[in-house]
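> To convert a position in the sequence shown, counted from 1, into this note's numbering, add 1334.
Glycine is no exception: its CB is placed at the ideal position from the N, C-alpha and C atoms.
Dumping the structure here so I can ask a few things about it.
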Amino acid sequence: MKFFIDSGNLADIKRLVPLGIIDGVTTNPSLLAKEPRDPHEIIKEICQVVQGPVSYEVVATDSAGMIAEGRKLAAVDPHVVVKVPFTRAGVEATRVLAGEGHQVNVTLVFSPTQALIAAKVGAAFVSPFVGRLDDIATDGMELIRQIIEMYRHYAFRTQVLVASVRHPMHIVEAARMGADVCTCPPSVIEACFNHPLTDIGLAKFLKDWHAAQGAAQKA
Ligand code: E4P
C-alpha cells in the first residue's frame, strides 16, 4: 500500500520524506488555504521534494471551468494529479481530462456508486472519505471494502485512495483490505512511530550495554 501525506505544509512534508515511505501527496483547497504562499509555487516545490503523484484540486464548479483549470494545474508539474470533486460537472470533466491523458483524482466520494462512476470515466484515483463518514456514525471503512470488492470484478485501473484518515487503525484496516493508497495527515504518520514497548525495550538494551561496558572498563 502506498502512503501519501495529506498536507500542503512543506515543512511537514520535508520532515517525513526522508523516512523513505512517502509515495505521494494529496492537498485540497482547505489545506492550501492554510499556507501563506502562492499555491502553484507550493505544489511545484512539493513535487520536487516527493517525486510522486501530488493531487491539486480545481475550484471551478462547472465542467468547462474544471477542464480549463485542470489543464492549467496539470501544467504546473508532471507529477500533478488533477483533483476533481464528484459532481455531475466533475464527472464530465474527469472523462475529458482523463481522455487527454491527465491523471485525475475524484474526491469527496461517499458512496459505492460514486466510486463506480469515477472508475468508468477513467479516474486514476478515487478518494472515499472514511473519517467524515465515521463522523456521522456511518462505517467509513465498510465503504472501502465495498469499492474494492466492486472494482475486483472489472479491469478498472482506478486506484482506491483512502482519504480523510483520522488514526492508525484506518491505515491498518486499509492495508488489510488491500487499498492501493492511504493518504494520512502528518500527525497520523507520526503516531505510527510511537510504541511504548519499543521505547522501554530500547532503553533497557542501552542500559544493559552501557552497564557491561562500564564493568569491562573497571576490570
Ligand atoms: C483527501 O484527499 C482530503 O484532502 C482529505 O483526506 C480530507 O480529510 P479531512 O476529512 O480530515 O478534511
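Grab me the residues of LYS1336's own chain with a C-beta within less than 7 Å of its C-beta, minus the 5 sequence neighbours each way, in chain order.
Taking the first residue of the sequence shown as position 1, residue 1336 is located at position 2. So the list reads ASP1357, GLY1358, ASP1514 and VAL1515, once near-sequence residues are dropped.
> Taking the beta carbon of SER1521 as the centre, do at least 16 other beta carbons fall within 10 Å, making it buried, or is it exposed?
Walking along the sequence shown from the start, residue 1521 turns up at place 187. Exposed.
> Report the start-end ranges of each beta strand (DSSP E) in the region 1360-1404 that is 3 residues or longer and not cut off at the edges.
Those beta strand (DSSP E) runs which fall completely within the region 1360-1404 and span 3+ residues are 1388-1391.
> Does DSSP put ALA1497 in a helix, in a strand, or in coil?
Your numbering for residue 1497 matches position 163 in the sequence shown. ALA1497 falls in the strand class under three-state DSSP.
> Since GLY1404 contacts VAL1418 with CB under 8 Å, what's their CB separation in whole angstroms?
To locate residue 1404, count along the sequence shown from 1; it is residue 70. To locate residue 1418, count along the sequence shown from 1; it is residue 84. The pair is a contact, with the Cβ atoms about 7 Å apart (cut-off 8 Å).
> Is the region 1461-1473 touching the region 1498-1517 in the sense that three or more CB pairs, one from each, lie closer than 8 Å?
Because the criterion of three Cβ pairs below 8 Å is met, the region 1498-1517 and the region 1461-1473 touch.
> Helix, strand or coil: how does DSSP classify SER1461 here?
Taking the first residue of the sequence shown as position 1, residue 1461 is located at position 127. Correct three-state label for SER1461: strand.
> Within 7 Å: the Cβ of THR1360 and any heavy atom of the ligand E4P?
In the sequence shown, counting from the first residue as 1, residue 1360 sits at position 26. Answer for THR1360: yes, Cβ within range of the ligand E4P.
> Rounded to whole angstroms, what's the CA-CA distance from ILE1380 to THR1472? Just pull it up for me.
The count along the sequence shown starts at 1 and reaches residue 1380 at position 46. The count along the sequence shown starts at 1 and reaches residue 1472 at position 138. Straight-line Cα distance between these residues: approximately 33 Å.
> Would you mind listing the alpha helix (DSSP H) stretches within the region 1430-1495 that are 4+ residues and don't spill past its ends, in chain order?
Entirely contained in the region 1430-1495, the alpha helix (DSSP H) runs reaching 4 residues are, in chain order, 1446-1454, 1464-1469 and 1474-1486.
> Can you name, in chain order, every residue of its own chain whose Cβ lies under 7 Å from the Cβ of ASN1343, other than the five neighbours on each side?
Here residue 1343 corresponds to residue number 9 of the sequence shown, with the count starting at 1. Excluding positions up to five away in sequence, the list reads GLU1369.
> With a threshold of 16 other CB atoms inside 10 Å of the CB of ALA1550, please say whether the residue is buried or exposed.
What you label residue 1550 is simply residue 216 of the sequence shown in a count that begins at 1. Exposed, by the Cβ-count rule.
> In three-state terms, what does DSSP make of ASP1346?
What you label residue 1346 is simply residue 12 of the sequence shown in a count that begins at 1. Correct three-state label for ASP1346: helix.
> Can you give me the Cβ contacts of SER1461 inside the same chain, cut-off strictly under 7 Å, excluding the 5 residues immediately before and after it?
As a working note, residue 1461 is residue 127 in the sequence shown. Around SER1461: ASN1439, VAL1440, THR1441, VAL1443, LEU1495 and ALA1497.
> Measure the Cβ-Cβ separation of PRO1446 and GLN1493 and say whether it is below 8 Å.
Against the sequence shown, residue 1446 aligns to sequence position 112. Against the sequence shown, residue 1493 aligns to sequence position 159. Taking 8 Å as the Cβ cut-off, PRO1446 and GLN1493 do not qualify as a contacting pair.
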